[in-house]
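Numbering (the numbering used here), first residue to last: 18 to 186. Here a beta-carbon is modelled for each residue, glycine too, at the ideal position from N, C-alpha and C. Read the structure below first, then the notes.
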């Protein structure tokens with residue numbers, strides 16, 4: 018079966034290409050793309066062009082739908098909406114790396130959870146305790162997610178630092 022994907026080019030741009038997709042292996046699911054965020058990592062790696070590993074396709078903030086299920090996969094079935102996938106219109110993924118999204122009327126783009134997962138993981142690694150004073154340097158997208166995670170924590174003081182005043186307002 019053919020699918021569309023993105024390939025990094027040597028000049029720092031990308032192109033849409035056709036790829037062949039076989040049936041998923043026994044422990045894989047085939048995911049049809051729904052929505053995908055663009056991470057700063059995607060932009061940075063696009064600049065590497067053909068030096069990128071072709072086995073690591075672009076896009077990791079995806080939401081999609083299970084199209085086929087490998088023989089040994091449990092807990093996922095065709096039609097399930099999942100976090101997983103990416104810029105390819107169809108992709109085979111290890112079932113352990115795909116997470117079922119609860120039934121909801123929310124559109125696919127509301128379920129792009131990877132950035133929030135990164136923010137929560139970052140907060141966990143900081144080991145912030147009650148009474149701490151915390152500064153978040155950079156109020157871009159990820160910084161704002163981290164600030165949201167800290168707003169109701171029992172810290173003594175929260176300071177946001179950025180060079181763009183509109184991000185601090």
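**Message:** Please return the same chain residues whose Cβ sits closer than 7 Å to the Cβ of residue 173, not counting the five positions on each side in sequence.
**Reply:** 148, 149, 150
**Request:** Using a threshold of 9 Å, state whether the C-beta atoms of residue 215 and residue 35 are closer than that.
**Result:** Any property of residue 215 remains undetermined from this structure, which presents the chain solely from 18 to 186.
**Asked** By how many angstroms is the C-alpha of residue 116 removed from the C-alpha of residue 146?
**Response** 30 Å
**Prompt:** Whole-angstrom Cβ separation of residue 59 and residue 82, contact assumed at under 8 Å?
**Reply:** With 8 Å as the limit, residue 59 and residue 82 do not qualify as a contact, their Cβ atoms being about 21 Å apart.
**Request:** Could you check what DSSP says for residue 131 in three-state terms: helix, strand or coil?
**Result:** helix
**Item:** Beta-carbon proximity of residue 107 to residue 55, cut-off 9 Å
**Value:** For residue 107 and residue 55, no; Cβs fall outside 9 Å.
**Prompt:** Just the Cα atoms here: how many angstroms apart are residue 104 and residue 23?
**Reply:** Between residue 104 and residue 23, the C-alpha separation is close to 7 Å.
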